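Asker:
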Amino acid sequence: MSNLTKVLEDILSDKNLGTSTKEMDLLLDRMLEEIGSTDSYLRDQCIYRAFAKLISGHALTVEQETYVLATCLDDHHLFLGLGEEGPSDQVFTRSFSALVLACLLNKDGKEQKVDISLIEKAIEASIQYLLQEKDRRGYVPEKGWAHSIAHGSDLLTCAILHPMFDEHNANRCLQAVKECLLVEEAYIDEEDERILSIISALIQKGLDDHTLMSWLVSLEAGYSDDELAKYRIHWNVKKFANTLFMYLQRHENFPQSKQWILKLYEQTFI
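If you're matching positions, the sequence shown starts at 1 in this note's numbering and goes up one per residue.
Shown next, in the form of structure tokens:
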């Protein structure tokens, strides 16, 4: 067991919350350095959970939150190797930086203490991340969860719900979701439910039935001519549409969107 693991386990069990500011600064640096560790216990159970506890528990100063936010947004974290084709362990750094950013945006959305320009940068980065992420693996054998699309969805959801989110970016968020769905990898790790949170957040910010239905229609144009690719894309769209339909059943104002989804099940695209 590494020393970092032990320190974080103590924090998570409330045995070590009396850390000085200087000691916390050093600890945060170590956590950020190891945020993408291929040791799933250290990465998932210790580093991420400790970040979540420290952030939600108000254990960090505004300066420390700002530092973590800015660091997670740099080229060595959220943007490390972003857009590159082929699987790479760098996805763990990107994906778990996205989760930490989601925690920070969620907290700042309630308190609004971090500099506005940095929050605006984070919101823009949340859109760019889902637009560009190519390594869409969920669970990686021997290394644990990458879950990049799920974590990226959590991040974008928190960005949309932040008071500083510009509603003119709604269409770009929908495009990011579209980029996630129209891919040849079939999602099997409940990505559809995490992606749905983006649509839910947009609805809370005023997304209407006509806009949503028009976006749904646009998904059909992304079907590939290759039969296998077409099958998998159709699987992703159909699975997401089913999840969306169940969500929209709680809303009376989306008849066009619900009707489109019902027609999806009546048609054969393959």
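In this text, a Cβ means the ideal position worked out from N, Cα and C, and glycines have one as well. Note that the coordinates shown come from a computational prediction; the quantities given were computed from them, not determined experimentally.
Quick one: any contact between the region 118-138 and the region 148-165, if contact means 3 or more CB pairs under 8 Å?
Answerer: Verdict: yes, contact present.
Asker: What runs of the alpha helix (DSSP H), each 4 residues or longer, lie entirely inside the region 7-81?
Answerer: Listed in chain order, the complete alpha helix (DSSP H) runs (minimum 4 residues) inside the region 7-81 are 21-33, 49-56 and 62-72.
Asker: Could you compute how far the alpha carbon of PHE92 sits from the alpha carbon of LEU181?
Answerer: Counting from one through the sequence shown, the residue named residue 92 turns up at place 92. Counting from one through the sequence shown, the residue named residue 181 turns up at place 181. Near 21 Å, if we compare the C-alpha coordinates of LEU181 and PHE92.
Asker: From GLN90 to TRP145, what does the alpha carbon distance come to, in whole angstroms?
Answerer: On the sequence shown, position 90 is the one that residue 90 refers to. On the sequence shown, position 145 is the one that residue 145 refers to. Approximately 13 Å, taken between the alpha carbons.
Asker: Please go through the same chain and pick out, in chain order, the residues whose beta-carbon is closer than 8 Å to the beta-carbon of VAL62, but skip the five residues on each side of it.
Answerer: By 1-based counting over the sequence shown, the position of residue 62 is 62. Only LYS113 and VAL114 meet the Cβ criterion.
Asker: Taking Cβ to Cβ, would you say SER153 is nearer than 8 Å to ILE198?
Answerer: Sequence index remark: in the sequence shown, residue 153 carries index 153 (1-based). Sequence index remark: in the sequence shown, residue 198 carries index 198 (1-based). Result yes, Cβ atoms of SER153 and ILE198 sit closer than 8 Å.
Asker: Can you check DSSP and say which residues form a bridge with TRP260?
Answerer: Counting from 1 along the sequence shown, the entry for residue 260 is found at position 260. Note: TRP260 sits in no beta bridge, so no partner.
Asker: Taking the continuous alpha helix (DSSP H) assigned at GLU84, which residues delimit it?
Answerer: As a first step, residue 84 must be located in the sequence shown, where it is residue number 84. Per DSSP, GLU84 belongs to no alpha helix (DSSP H) and is neither H nor E.
Asker: Check this for me: beta carbons of LEU99 and TYR41, under 8 Å apart or not?
Answerer: Along the sequence shown, one-based indexing puts residue 99 at 99. Along the sequence shown, one-based indexing puts residue 41 at 41. No, they are not a contact pair.
Asker: Give every residue of the same chain whose Cβ lies closer than 6 Å to the Cβ of SER37, excluding the five residues on either side of it in the sequence, and list them in chain order.
Answerer: Translated into the one-based positions of the sequence shown, residue 37 becomes position 37. Closer than 6 Å at the Cβ level, and outside the excluded window around SER37, lie ARG43.
Asker: What first and last residue would you give for the alpha helix (DSSP H) that runs through GLU184?
Answerer: Your numbering for residue 184 matches position 184 in the sequence shown. From DSSP, GLU184 is part of no alpha helix (DSSP H); its letter is neither H nor E.
Asker: Per the DSSP calculation, TRP145 is bridged to which residue(s)?
Answerer: Here residue 145 corresponds to residue number 145 of the sequence shown, with the count starting at 1. Paired residues: TYR139.
Asker: What's the gap between the Cα of LEU216 and the Cα of TRP260?
Answerer: To locate residue 216, count along the sequence shown from 1; it is residue 216. To locate residue 260, count along the sequence shown from 1; it is residue 260. Approximately 8 Å between the Cα atoms of the pair.
Asker: Below 8 Å on the Cβ atoms is my guess for LYS53 versus GLU84; work out the distance and round it to an integer in Å.
Answerer: As a first step, residue 53 is located in the sequence shown; it is residue number 53 there, counting from the start. As a first step, residue 84 is located in the sequence shown; it is residue number 84 there, counting from the start. So it is not a contact: roughly 32 Å between Cβ atoms.
Asker: Whose CA, out of GLY57, GLY138 and LYS107, lies closest to the CA of PHE96?
Answerer: Here residue 96 corresponds to residue number 96 of the sequence shown, with the count starting at 1. With distances taken between Cα atoms, PHE96 lies closest to GLY138.
Asker: Using a Cβ cut-off of 8 Å (strictly closer), state whether ASP154 contacts chain C.
Answerer: Any reference to chain C falls outside this structure, which holds one protein chain only.
Asker: Determine the direct distance from the alpha carbon of ASN3 to that of GLU9, and round the result to whole angstroms.
Answerer: On the sequence shown, residue 9 is found 9 positions in, with the first residue counted as 1. On the sequence shown, residue 3 is found 3 positions in, with the first residue counted as 1. About 10 Å.
Asker: Kindly list the residues whose CB is nearer than 7 Å to the CB of THR19, restricted to its own chain and excluding five residues on each side of it in sequence; keep chain order.
Answerer: Position 19 of the sequence shown, counted from the start, is the residue given in the question as residue 19. Around THR19: LEU27.
Asker: Pick from ILE55, HIS77 and ASP225: whose alpha carbon is nearest that of ILE35?
Answerer: Locating residue 35 in the sequence shown gives position 35, counting from the first residue. Selected option, being the one with the closest Cα: HIS77.
Asker: Residues in the same chain with beta-carbon distance under 7 Å from HIS147, minus the five sequence neighbours each way, listed in chain order, please.
Answerer: Counting from 1 along the sequence shown, the entry for residue 147 is found at position 147. Within the same chain, HIS147 has close Cβ partners SER95, GLY138 and ASP189.
Asker: Compute the distance between the beta-carbons of ILE149 and GLU184, then report whether it is under 8 Å.
Answerer: Taking the sequence shown and counting its residues from 1, the one referred to as residue 149 is at position 149. Taking the sequence shown and counting its residues from 1, the one referred to as residue 184 is at position 184. Not a contact, by the Cβ cut-off of 8 Å.
Asker: Relative to the alpha-carbon of GLN175, which residue among GLN128, GLU142 and LEU248 has its alpha-carbon at the smallest distance?
Answerer: Here residue 175 is taken as the residue at index 175 of the sequence shown, counted from 1. That would be GLN128, whose Cα lies nearest to the Cα of GLN175.
Asker: DSSP on ALA176, reduced to helix/strand/coil?
Answerer: Position 176 of the sequence shown holds residue 176. Helix.
Asker: Enumerate, from N- to C-terminal direction, the unbroken alpha helix (DSSP H) stretches of 4 or more residues contained entirely within the region 189-233.
Answerer: 191-204 and 209-220, all fully within the region 189-233.
Asker: I'd like to know whether the C-beta atoms of GLU179 and LEU118 end up nearer to each other than 8 Å.
Answerer: Translated into the one-based positions of the sequence shown, residue 179 becomes position 179. Translated into the one-based positions of the sequence shown, residue 118 becomes position 118. Not a contact, by the Cβ cut-off of 8 Å.
Asker: State the DSSP-derived secondary structure class of VAL280, mapped to helix, strand or coil.
Answerer: Because the chain is modelled from 1 through 270, residue 280 falls outside the range shown and cannot be assessed.
Asker: Since LEU69 contacts LEU32 with CB under 8 Å, what's their CB separation in whole angstroms?
Answerer: By 1-based counting over the sequence shown, the position of residue 69 is 69. By 1-based counting over the sequence shown, the position of residue 32 is 32. No, LEU69 and LEU32 are not in contact; Cβ-Cβ is about 11 Å, not under 8 Å.
Asker: Return helix, strand or coil for PRO255, following the three-state DSSP convention.
Answerer: For the purposes of this step, residue 255 is taken as the residue at position 255 of the sequence shown. It is helical.
Asker: Using the C-alpha atoms, what's the distance from PHE254 back to GLU23?
Answerer: Residue mapping note: residue 23 aligns to position 23 of the sequence shown, counting from 1. Residue mapping note: residue 254 aligns to position 254 of the sequence shown, counting from 1. Near 52 Å, if we compare the C-alpha coordinates of PHE254 and GLU23.
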